[in-house]
Amino acid sequence: LQAYDEAQAVVGQKRMEAHSQDLQVYDVVHVAHHFGVSYESALYRLLNLKLLSEEEHQRLAGQREQANTLRHYLGPEPQRGPREPREFRHRFLFLALEAFRREAISRGKLKELCALAQVAPGEVGKLIATIEGEAEPGRRERAVSIPGG
């Protein structure tokens, strides 16, 4: 007789949450900042590469105001030469925003991380409102009912 051994149990695969891989306005701002192009240019390039559908393109194109707000926090366009401190700040802030969007960190933790990234305390609220404002009001998770057999 052999007892159940947890070490040999099958480990389930954790799936990404629905829509967690959809491009958001700050993803496009990040790409535009990295390549030194405008938000609109980055949007069209992503559309041409078929990384965005026409519907997603229209949704993101309508968020220019949020994009401009985010660009303000990311700092000036990348330049040639020493840029590591600016690049670190940019990447750090981008990762903090992504963690907040995925609900991996709280609003308080995001504020703490924004302070570390030298975002002015009065500006953090605007940044959070920008991120929360980009969620589509009509987009909600749907429950699927599976009839029992």
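Everything in the sequence shown is counted per full-length UniProt numbering, starting at 1 for the first residue and increasing by one. Backbone N, C-alpha and C fix where the C-beta goes; we use that ideal spot for every residue, glycine too.
Where the alpha helix (DSSP H) containing residue i begins and where it ends
{"i": "A115", "result": "R107 to L116"}
{"i": "A104", "result": "Segment: none, A104 is in no alpha helix (DSSP H) and carries neither H nor E."}
{"i": "L52", "result": "Unbroken run through L52: none, as it is neither H nor E."}
{"i": "Q66", "result": "R64 to L74"}
Simplified DSSP assignment, three categories, for residue i
{"i": "D27", "result": "helix"}
{"i": "S38", "result": "coil"}
{"i": "V119", "result": "coil"}
Option nearest residue i by Cα separation, candidates the options
{"i": "L127", "options": "R59, N48, R71 and V31", "result": "R71"}
{"i": "L110", "options": "L47, R91, Y39 and L97", "result": "L97"}
{"i": "A129", "options": "A115, R89, E65 and N48", "result": "E65"}
{"i": "V119", "options": "H90, E132, D22 and R101", "result": "H90"}
{"i": "A99", "options": "V37, E123 and I131", "result": "I131"}
{"i": "G62", "options": "L95, A115, C114 and Q24", "result": "Q24"}
{"i": "S53", "options": "D22, H33 and H30", "result": "D22"}
{"i": "V31", "options": "E112, E123 and L74", "result": "L74"}
{"i": "L116", "options": "F92, A104 and E56", "result": "F92"}
{"i": "E112", "options": "V124, E87 and Q58", "result": "V124"}
{"i": "N68", "options": "V37, E87, R45 and K50", "result": "V37"}
{"i": "H34", "options": "E87, I105, R102 and E103", "result": "E87"}
Neighbour flag for residue i against chain C, beta carbons, 8 Å
{"i": "L43", "result": "Of the chains in the structure shown, none is chain C; there is only one protein chain."}
Cβ distance (whole Å) where residue i is taken to contact residue j below 8 Å
{"i": "V28", "j": "L43", "result": "6 Å"}
{"i": "Y26", "j": "F94", "result": "7 Å"}
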